[in-house]
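K.L.:
In my numbering, the protein residues as written are 5 to 149. Idealized CB from N, CA, C, for every residue including glycine. For clarity, every value in this text was computed on a predicted model and none was experimentally measured.
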Amino acid sequence: MLSWRLSNTMEAAFCVEALKEAIDKYGPPKIFNTDQGSQFTSNDFIKVLTDAKVDISMDGRGRYLDNIFIERLWRSLKYEAIYLTEMSDGFKTRRVIDDWINFYNKVRPHSSLDGDTPHEACWQSRKQFYNMGISPCYKEQEQAA
Numbered sequence: 005m006l007s008w009r010l011s012n013t014m015e016a017a018f019c020v021e022a023l024k025e026a027i028d029k030y031g032p033p034k035i036f037n038t039d040q041g042s043q044f045t046s047n048d049f050i051k052v053l054t055d056a057k058v059d060i061s062m063d064g065r066g067r068y069l070d071n072i073f074i075e076r077l078w079r080s081l082k083y084e085a086i087y088l089t090e091m092s093d094g095f096k097t098r099r100v101i102d103d104w105i106n107f108y109n110k111v112r113p114h115s116s117l118d119g120d121t122p123h124e125a126c127w128q129s130r131k132q133f134y135n136m137g138i139s140p141c142y143k144e145q146e147q148a149a
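(1) What ranges does the beta strand (DSSP E) occupy inside the region 40-67, keeping only unbroken runs of at least 3 residues that lie completely in it?
(2) Which value, in whole angstroms, describes the spacing of the CA atoms of Asp-103 and Gly-41?
(3) Could you pull out every residue in the same chain whose Cβ sits closer than 7 Å to the Cβ of Leu-53, ignoring the five residues on either side in sequence?
(4) Which residue or residues does DSSP assign as beta-bridge partners of Thr-38?
(5) Quick check: what's the CA-CA separation for Asp-63 versus Asn-71?
(6) Going by C-alpha distance, which of Lys-29, Ser-92, Arg-65 is nearest Thr-45?
(7) So does Phe-18 have its beta carbon nearer than 7 Å to some heavy atom of the ligand MN?
(8) What are the complete beta strand (DSSP E) segments, minimum 3 residues, inside the region 74-111?
(9) What does the Cβ neighbour count give for Tyr-108, buried or exposed, with the cut at 16 atoms within 10 Å?
(10) What span of residues does the alpha helix (DSSP H) with Leu-23 cover, start to end?
(11) Please name the residue, chosen from Gln-128, Arg-9, Phe-95, Glu-25, that lies closest to Tyr-56 on a Cα-to-Cα basis.
(12) Are Tyr-30 and Leu-10 closer than 8 Å when you measure CB to CB?
Rendered as structure tokens:
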């Protein structure tokens, strides 16, 4: 996960902020896939993607299986962090989610990545990802050099 925000509304602004942060930090992807939620079909969200020359892909209405990878991530977050923690306020909720995302990205090995973490896999294969049009960690690596 490259960037995230938490909101108690269905407004698009928090998603637009997260999208801009991810693009600024990691560069634009070749393609961006979402469901048809109002946040993702808003003019502001679409404009960020089109301005960055990103191809837009949207799942069929009500077809969660079209984006099964992100659905699996949400399931893991819920069962490994959210449901196990009493969320007393928004600050605690943000902290729990942030801690879990850091764990997921940088500590937890993934069998689909041959036991690497997403962070390790990204750095190890940055050129391969970049050549496929997926640029996470490539832009960050260029800036660090």
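P.N.:
In brief:
(1) 59-62
(2) Counted from its first residue, the sequence shown places residue 103 at position 99. Counted from its first residue, the sequence shown places residue 41 at position 37. The alpha-carbon atoms of Asp-103 and Gly-41 are separated by roughly 26 Å.
(3) Residue 53 sits at position 49 when you count from the first residue of the sequence shown. Result list for Leu-53: Phe-36, Ile-60, in chain order.
(4) Within the sequence shown, numbered from 1, the residue matching residue 38 stands at position 34. Per DSSP, Met-62.
(5) As a working mapping, residue 63 is identified with position 59 in the sequence shown. As a working mapping, residue 71 is identified with position 67 in the sequence shown. Their backbone Cα atoms lie some 7 Å apart in a straight line.
(6) Within the sequence shown, the letter at position 41 stands for residue 45. The option with the nearest alpha carbon to Thr-45 is Arg-65.
(7) The ligand MN is not part of this structure, which contains no ligands at all.
(8) none
(9) Locating residue 108 in the sequence shown gives position 104, counting from the first residue. It is buried - the Cβ of Tyr-108 has at least 16 other Cβ atoms within 10 Å.
(10) As a position in the sequence shown, residue 23 is number 19, starting the count at 1. Segment 17-30, the alpha helix (DSSP H) holding Leu-23.
(11) Locating residue 56 in the sequence shown gives position 52, counting from the first residue. The identity of residue 56 in the sequence shown is Ala, whereas the question assumes Tyr. Nearest option by C-alpha distance: Glu-25.
(12) Position 26 of the sequence shown, counted from the start, is the residue given in the question as residue 30. Position 6 of the sequence shown, counted from the start, is the residue given in the question as residue 10. No, these two residues do not count as a Cβ contact at 8 Å.
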